[in-house]
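Numbering (the working numbering), first residue to last: 19 to 309.
Rendered as structure tokens:
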């Protein structure tokens, strides 16, 4: 029993930075989990990756003007992400390019511009910090930011849940009844950007999208009910954060990659054993129907 305490509880009791990191993971799970699930339902899974790169040049500009300043980098990242979303939307609306191709083009431009700006105005260490972050280095200001974004995300989703769900599942019907689906889409993209901006402060731009998407994708393998998917996405994200922090503490691993790899391991196991979409249960059901 003492061994389990030392393994699972003691790091969070003894060290304040571990408690802040755990609280940050919980806030990220509460905000990013539902957003990731809606991205999956809207067949926009790769859009999260595109938007995570879109915030990079804005964060880089904030870094060049104010160093590793949380307000400056967050504001720059949010403005850059919203700008890329608007430009990609305009390109889709007024040209023949599809939305996924438009976002891909703009995110590649954003990624290259962001890396160039950081490389010119900082060092390789600064670039690695922005790209990969460190959840163990979360301070009070970053924790307030992540918690505030999670709160705003949950409150906004509670207000727009029905039209957003309908727009995700049947956008043709929503347009037929005269609802403004484009407004819900734009508001949802702003929530995506907000959560990615909050996530890159702790996990980095390349890791934040992993905690957003992997638990959401995994949850769809376990249930067909939307409410259960939302709960599972949040739960898997938080448990991945908890387990990744413990792995990072005990084995001296980078915290961000440990969290994402643990979420990825849950996904791989779910591919095999999850009751709804797992390969083994589907095979057993198919054999049962054949017999």
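Yeah, the Cβ is synthetic: ideal placement off N, Cα and C, and Gly gets one too.
{"Query": "Distance CB(residue 68)-CB(residue 112) smaller than 7 Å", "Result": "no"}
{"Query": "Contact under 7 Å by Cβ, residue 94 with residue 80", "Result": "yes"}
{"Query": "Range of the contiguous alpha helix (DSSP H) that encloses residue 65", "Result": "63-72"}
{"Query": "Candidates 108, 20 and 217: closest to residue 277 by CA position", "Result": "217"}
{"Query": "From 238, 243 and 248, residue whose alpha carbon lies closest to that of residue 286", "Result": "238"}
{"Query": "Stretch pair the segment 41-60 + the segment 91-111: three plus CB contacts closer than 8 Å", "Result": "no"}
{"Query": "Whole-number beta carbon distance between residue 124 and residue 100, since they are thought to touch under 8 Å", "Result": "Not quite, the Cβ-Cβ distance comes to about 12 Å (not below 8 Å), so this is no contact."}
{"Query": "Buried/exposed call for residue 293, threshold 16 Cβ in 10 Å", "Result": "exposed"}
{"Query": "Any C-beta of chain D under 7 Å from that of residue 300", "Result": "In the displayed structure, chain D is absent; only one protein chain is listed."}
{"Query": "For residue 4, the three-state DSSP class (helix, strand or coil)", "Result": "Because the chain in this structure spans residues 19 to 309, residue 4 falls outside the shown range and cannot be described."}
{"Query": "Start and end residues, alpha helix (DSSP H) containing residue 93", "Result": "88-112"}
{"Query": "For residue 275, the nearest candidate out of 164, 288, 232 and 253 (CA to CA)", "Result": "232"}
{"Query": "Status (buried if at least 16 other CB within 10 Å, exposed otherwise) for residue 134", "Result": "exposed"}
{"Query": "Whether residue 210 touches residue 254 by CB criterion (7 Å)", "Result": "no"}
{"Query": "Cβ-based burial, residue 38 [other Cβ within 10 Å; buried from 16]", "Result": "buried"}
{"Query": "Residue interval of the alpha helix (DSSP H) (run including residue 295)", "Result": "Note, residue 295: premise wrong, no alpha helix (DSSP H); not H, not E."}
{"Query": "Buried/exposed call for residue 162, threshold 16 Cβ in 10 Å", "Result": "exposed"}
{"Query": "Residue 92 versus residue 230: straight-line alpha-carbon distance, rounded", "Result": "18 Å"}
{"Query": "Through-space distance from residue 305 to residue 174, alpha-carbon basis", "Result": "45 Å"}
{"Query": "Proximity to residue 130 [Cα-Cα], best of 228, 215, 261 and 72", "Result": "72"}
{"Query": "Cβ contact (3+ pairs, closer than 8 Å) linking the segment 19-36 and the segment 173-187", "Result": "no"}
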